[in-house]
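Single-structure report; data block below.
4 protein chains.
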Amino acid sequence: MRVKDVKKVVLAYSGGLDTSVILKWLQSTYRCEVVTFTADLGQGEELGPARDKALLLGIKPENIYIDDLRETFVKDFVFPMFRANALYEGMYLLGTSIARPLISQRQIEIAEAVGADAVAHGATGKGNDQVRFELSYYALKPDIKIIAPWREWDLTSRTRLIEFAEEHQIPISKDKRGEAPFSVDANLLHSSSEGKILEDPWDAPDEMVWQRTISPVDAPDKVTEITIEFERGDAVGINGERLSPATLLTKLNALGKENGIGRLDLVENRFVGMKSRGCYETPGGTILYVAHRAMESITLDREAAHLKDSLMPRYAEVIYNGFWFAPERRMLQAMIDESQKSVTGTVRLKLYKGNTIVTGRQSPNSLYSMKHVTFEEDQGAYDQFDAQGFIKLNALRLRLGAMAGRKGGAL
Amino acid sequence: MRVKDVKKVVLAYSGGLDTSVILKWLQSTYRCEVVTFTADLGQGEELGPARDKALLLGIKPENIYIDDLRETFVKDFVFPMFRANALYEGMYLLGTSIARPLISQRQIEIAEAVGADAVAHGATGKGNDQVRFELSYYALKPDIKIIAPWREWDLTSRTRLIEFAEEHQIPISKDKRGEAPFSVDANLLHSSSEGKILEDPWDAPDEMVWQRTISPVDAPDKVTEITIEFERGDAVGINGERLSPATLLTKLNALGKENGIGRLDLVENRFVGMKSRGCYETPGGTILYVAHRAMESITLDREAAHLKDSLMPRYAEVIYNGFWFAPERRMLQAMIDESQKSVTGTVRLKLYKGNTIVTGRQSPNSLYSMKHVTFEEDQGAYDQFDAQGFIKLNALRLRLGAMAGRKGGAL
Amino acid sequence: MRVKDVKKVVLAYSGGLDTSVILKWLQSTYRCEVVTFTADLGQGEELGPARDKALLLGIKPENIYIDDLRETFVKDFVFPMFRANALYEGMYLLGTSIARPLISQRQIEIAEAVGADAVAHGATGKGNDQVRFELSYYALKPDIKIIAPWREWDLTSRTRLIEFAEEHQIPISKDKRGEAPFSVDANLLHSSSEGKILEDPWDAPDEMVWQRTISPVDAPDKVTEITIEFERGDAVGINGERLSPATLLTKLNALGKENGIGRLDLVENRFVGMKSRGCYETPGGTILYVAHRAMESITLDREAAHLKDSLMPRYAEVIYNGFWFAPERRMLQAMIDESQKSVTGTVRLKLYKGNTIVTGRQSPNSLYSMKHVTFEEDQGAYDQFDAQGFIKLNALRLRLGAMAGRKGGAL
Amino acid sequence: MRVKDVKKVVLAYSGGLDTSVILKWLQSTYRCEVVTFTADLGQGEELGPARDKALLLGIKPENIYIDDLRETFVKDFVFPMFRANALYEGMYLLGTSIARPLISQRQIEIAEAVGADAVAHGATGKGNDQVRFELSYYALKPDIKIIAPWREWDLTSRTRLIEFAEEHQIPISKDKRGEAPFSVDANLLHSSSEGKILEDPWDAPDEMVWQRTISPVDAPDKVTEITIEFERGDAVGINGERLSPATLLTKLNALGKENGIGRLDLVENRFVGMKSRGCYETPGGTILYVAHRAMESITLDREAAHLKDSLMPRYAEVIYNGFWFAPERRMLQAMIDESQKSVTGTVRLKLYKGNTIVTGRQSPNSLYSMKHVTFEEDQGAYDQFDAQGFIKLNALRLRLGAMAGRKGGAL
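Residue numbers (our numbering), protein chains in the order written: chain A, 738 to 1148; chain B, 738 to 1148; chain C, 738 to 1148; chain D, 738 to 1148.
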């Protein structure tokens, strides 16, 4: 980005050291007006200090945007994603990935409201988050200018960053002077840790890495039993109490945390081409995932369920790679949402020392037919003799193959 | 099957009451010679009594086949399937499904050896197992005659079955006189329970249902740490000790059992069109699944892994539905096996009260590059500036879409 | 079906010899009231004779249903399917498959209107049509009784059928006395021929097989140029003239016929497990298929198009197998329809002796950007340097693989 | 690339003006030794002049590599791809895409043989070919340096290019002085034209664009009938005469050309994010595609065929995007090749004015069973009554759904 080109920039601002340095660096490099945007996505930090620090760094009050986006986050991003049972690479509940499009969306809204011609973010040039932010920016405002300081500046070591902060009178809290032992991202769905002491995938993560959950070892020795109520694919209550999306997820997080649920230590493949290791905590989301699958197990038709499952890896990849605001995500969502109309009912779970155990599911839309499945006399609900024709026609192509010399499906 | 048509039949014979009744029923109905085949697939029962009982029921010694198939079962069926990380409907490790093709294969081999023109099995007309047996029979010997007594006879109640047994001097152990509270299938990979007291999916399963695993609640309060060694996608050792496939799985089963690992209470969709509820215990398999995914996480290329993941649901469905000996399974296997050539190395795990926790993975074939991923100075291994072009071209279609009025990928 | 069980049956009645025999056979076998349903799906036969014949065979006037379903057929069945570019086994435009669910739907509606407890159709036990009819019946009315005479009766040879007709005073037109040389099905979308002289797949079909199209060899030596206008994925006009769905397809059929377009001689895989050979004529549909793909080529986002393409084989299989009224078809349709919102514009085509040649496409929603693609100076629309970063990050996993000894992506 | 860094570069050299300018530009900019590589892939140009021109431009004889790669091209690249029936975006036979990996592979082999540290190509920064070349280079030699002059230099207009050529005594043939009306790429599989006069997708291509095929309008009025023989998925003969891969494709090209077969005017989606319009001629490939599908139609099992079809779009995308030398392509190829073992036999075709018409197929491995499919009495090969059970169990989930209120599969 040529430095003369930018008039006004909206910065995704956390109030921390890094984005404070970015703020000053934008002012000094681009000589443009800076608007800060700080979102509460449930990361567990107060936002007041971010406002104070922005003021201290010379941002005009009318240029400071602070929004509580927790309900929107869960309702319009987390829940649609959970309808798909999305797991990236079979394991990861996409806690960081799903937050980026919402931040980007709000940032672009602010840019349009204040007439800014640029946006900036604090993600590095090695990670997925830069991709997620920038794909969303471009998809929502194709002519936006994007500043990614970590790809542009020369503050490439901690020492230089601290020096820059000192030169520009940016307050540095004592615990930020030293190198953090790993890097953290958090929101209402999850907390992730990566880098530094976690870089060797053979080394077990230190217990201090885990910040959102008690260790299964330390979790209480007693079982907690809960029910989760669903309507059309979304959780709407716990133990019979109706809750808003963010309140519900907050409560599930507390239940998960206490019971040591939702830790994941994973080596994953980044969109930018390298492998990385992350330690993720998704306490409430892990419970929700298990419960949602159980709810679907009695309310979804078999082929509806299998079709969803066959596209889940693609859907998860789309979100992981940052294509939330892309036609393919919308098409997949349309298909998934169509399937969820009947996913209504109640699931009962036991939570215990890292385990989320389904013990019951019921639904007004249940497709489970005791009459058909029973080992007892079924009053003619099912004619066992039909199975013979079913098998014989399913076998026909295999028999014809075997007759043609391809026994056992040999090719 | 017309009764005059059958000369000699090979029966999959467990030695239990049901297959003993079938044995006699075959003799009295078809008036044909019966050959019994009993396999040790690690179900945990001695086979001596099966031989004795067959003799007692009048089977000639040369018509009694008893085989220990445990090594073949794990090496040629369980391990290939685990290379695919196969989970049916996101959850089920396919423990029953994977045993059926091996039993069928051996049964057909015996039929050909003894010149039998028919085979018989003891699966009911409502379940998946009849399909799995019969598809395999037909695929391996397309002109085989198949007798499925449960679909043919009139012994449709427990009372009638017992009466028939008594009429035919079939010994009935005391505990078999009453109705079993649920039905069990077991082999070296897993144990399943279903039916009767498990039929209502809202009722939690009674603790007595679980036979292969200690409850997580009762499992010891200390962590067990192990390593599993892999070569080309298959586990070959535990804690550095090289083990044969069946020995290895037996040891993992013991470790899983002690630590309360591998229970699953699931409502699933049967191939014959109804939903059913099963309680599965796959102690060793659960550990193996987690370990194999971790091994792949550092040894598989991203797109190789995603391609596998995208086809896993199909592969699992193929096996669940009974198409092991079908061209599509062989094609999928060829693709999967191709990917496993590099899946060699060691995974370290903690086992604790139902949890299988990965704490480390290493491989001579690792694709994880600390040099590239590091938060530290990377000596030019990765040029962060490349990310800009990467993002801009990935965003181009989204920008063109937005310019054409489709902001955010709207359709 | 036990003969006493049926009170009133709705028969899909063509007025031809076969369904007339079925009509009488139903009366004499089930001794039930018969309601006839004859649909005009554009098969090109007048429906008056069907009414007369039904009366002659003793059907009460109020029990004779004759409906012109051509507009519904094209609008609600053909067009949704063409949005998907559905080709079964890469070739077949599904002309027979797509008609069956509509016939079934109307038949069930009539059954409910007249209080019938059963339906009957004239499809044989070897083909796909029985499956398509019956799956639709069951999906729409799960307790319906189904009579499939060809699977039940003993009129298994032509001679016996003629005898039965004569015994029951069913008039037989002279040309029906002999064996037809092949069997035909037709509707507004296509005509199919199969069986008898077509059974050997090495024999070329006789020219008399083709009834809907002139041979390319006989088609005129001059090119016909047309435009087709689309709105939201559906054709709405030809040469600028707005036409109703059935009128439009009728006109395309005429254009295709004259120009020798839309013949297909195919060996395909039936759902019931065998291969069969069919000769299909889909003159208008073939033009429509080519035009629709061309319309999408400038209006669909790349990933939207690829996602559709990747699911097309599944969608085509679902329809071929008879699962139009199934959740998976509805989910796929929701996904496809979502993508079609922008598929509006005009395609220009040349028709010539079997060829359908696209020569132009334009759209108010075009995503084709001359500014970006031009070989000329592009005023900075596209920065060629971005390609370097794009390639380098796409290559990173391949380079890491090669460094780990897997050159060229070797596994 | 910093100019001092390169010692010796292998240039993909056609002998034309553009790559001659690149040759000189490399010498003058990088001051490195240049090795030229010119491949005969059947593009239809003599290679002698390329050698002369390289000598004239000062390349040492031992640095001039000229290879006839036609047989390798067809045998190891074209044929494996045709086993998959690969069509990009439903239409394009990938003629350009499939040539790039072979050129790259040979270029890297030469680089290793001569100790070069860099490679260079003449593809622009807007197209797919740069991606295909460079991904292949990196996959085969991860530390290779890549020079892409069109992304680096300032010769951005035709005028500047000509000036540079004149300054450096590069001979310019008269017809190259002016702007070419479109850009051409050719090899044994196809010829493509794009750019300039073809840029408006509403304008029909001028007849002069087509260079490889006679227009269907001008093609002879008589039908040409041929047979193609296949072994294990690959064509091995025409009209009973066994031919080497390149000879066979050359002959099919002649047949296609004469009969006006293989033209395609397409708007496609490039990997770099924009749409472009190409006019492709694939005369022999089009015939081969139709014939291969017909050969598969009687030799492939249904599910084998459907599995292939479902992955074809992904396979085509992989090749289009340049990932021939990637693990996912090798995995897909393993799966596809597994299926081709039985694809042996003969297909008979009529070629006529743009049409490729299948009229017969036969195989020693045929799965087509006349005995089963016949409309005549089938001697019990198929029991029509089996269809009832087959349908009833396939319908069961739909019936259960309808009973639960979801008629017709409604969601």
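In this text, a Cβ means the ideal position worked out from N, Cα and C, and glycines have one as well.
Can you give me the Cβ contacts of residue i inside the same chain, cut-off strictly under 7 Å, excluding the 5 residues immediately before and after it?
{"i": "residue 1053 (chain D)", "result": "823, 824, 825, 831"}
{"i": "residue 898 (chain B)", "result": "758, 892"}
{"i": "residue 1076 (chain A)", "result": "1037, 1041, 1045"}
To the nearest angstrom, report how far apart residue i and residue j are at their CA atoms.
{"i": "residue 963 (chain B)", "j": "residue 1104 (chain B)", "result": "23 Å"}
{"i": "residue 892 (chain A)", "j": "residue 915 (chain A)", "result": "16 Å"}
{"i": "residue 1049 (chain C)", "j": "residue 1006 (chain C)", "result": "17 Å"}
{"i": "residue 1111 (chain B)", "j": "residue 873 (chain B)", "result": "51 Å"}
{"i": "residue 833 (chain C)", "j": "residue 942 (chain D)", "result": "36 Å"}
{"i": "residue 1137 (chain A)", "j": "residue 819 (chain B)", "result": "30 Å"}
{"i": "residue 987 (chain B)", "j": "residue 981 (chain B)", "result": "10 Å"}
{"i": "residue 931 (chain B)", "j": "residue 919 (chain B)", "result": "6 Å"}
{"i": "residue 1070 (chain C)", "j": "residue 793 (chain C)", "result": "43 Å"}
{"i": "residue 1116 (chain A)", "j": "residue 894 (chain B)", "result": "13 Å"}
{"i": "residue 811 (chain B)", "j": "residue 815 (chain D)", "result": "40 Å"}
Can the beta-carbon of residue i be found less than 9 Å from the beta-carbon of residue j?
{"i": "residue 1059 (chain A)", "j": "residue 923 (chain A)", "result": "no"}
{"i": "residue 1040 (chain D)", "j": "residue 1064 (chain B)", "result": "yes"}
{"i": "residue 1100 (chain D)", "j": "residue 1118 (chain D)", "result": "no"}
{"i": "residue 760 (chain A)", "j": "residue 796 (chain A)", "result": "yes"}
{"i": "residue 1084 (chain D)", "j": "residue 1031 (chain D)", "result": "yes"}
{"i": "residue 1014 (chain C)", "j": "residue 938 (chain C)", "result": "yes"}
{"i": "residue 1125 (chain D)", "j": "residue 1010 (chain C)", "result": "no"}
{"i": "residue 875 (chain C)", "j": "residue 884 (chain C)", "result": "no"}
{"i": "residue 866 (chain B)", "j": "residue 1129 (chain C)", "result": "no"}
Leaving out five residues before and five after residue i in sequence, what residues of the same chain have Cβ atoms less than 6 Å from its Cβ?
{"i": "residue 747 (chain A)", "result": "772, 774, 844, 847, 848, 853, 856"}
{"i": "residue 1090 (chain D)", "result": "953, 956, 997"}
{"i": "residue 802 (chain B)", "result": "774, 847"}
Would you grab the beta carbon distance between residue i and residue j for me? Rounded to a whole angstrom, and I think it's under 8 Å.
{"i": "residue 1095 (chain B)", "j": "residue 1086 (chain B)", "result": "6 Å"}
{"i": "residue 840 (chain A)", "j": "residue 983 (chain A)", "result": "Incorrect: roughly 16 Å between the Cβ atoms, too far for contact."}
{"i": "residue 790 (chain A)", "j": "residue 752 (chain A)", "result": "5 Å"}
{"i": "residue 1073 (chain C)", "j": "residue 835 (chain C)", "result": "Not a contact, Cβ separation roughly 15 Å."}
{"i": "residue 813 (chain C)", "j": "residue 777 (chain C)", "result": "That belief does not hold up - the Cβ atoms of residue 813 (chain C) and residue 777 (chain C) are roughly 15 Å apart, past 8 Å."}
{"i": "residue 972 (chain A)", "j": "residue 985 (chain A)", "result": "6 Å"}
{"i": "residue 927 (chain D)", "j": "residue 1019 (chain D)", "result": "4 Å"}
{"i": "residue 868 (chain A)", "j": "residue 1008 (chain A)", "result": "6 Å"}
Determine, using beta carbons only, whether residue i comes closer than 9 Å to chain E.
{"i": "residue 872 (chain B)", "result": "Looking at the structure shown, chain E is missing, and the protein chains on hand are A, B, C and D."}
Segments of 4+ residues assigned as alpha helix (DSSP H) that fall wholly inside the region 868-952 of chain A: Taken in chain order, the complete alpha helix (DSSP H) segments of 4 residues or longer contained in the region 868-952 of chain A are 886-889, 895-904, 911-914.
Inside the region 1017-1098 of chain A only - alpha helix (DSSP H) runs reaching at least 4 residues: Here the runs fully enclosed are 1020-1036, 1039-1057, 1064-1076.
Completely contained beta strand (DSSP E) runs for the region 769-857 of chain C, where each covers 3 or more residues: If we require 3 residues or more, the beta strand (DSSP E) runs fully inside the region 769-857 of chain C come out as 770-777, 801-805, 855-857.
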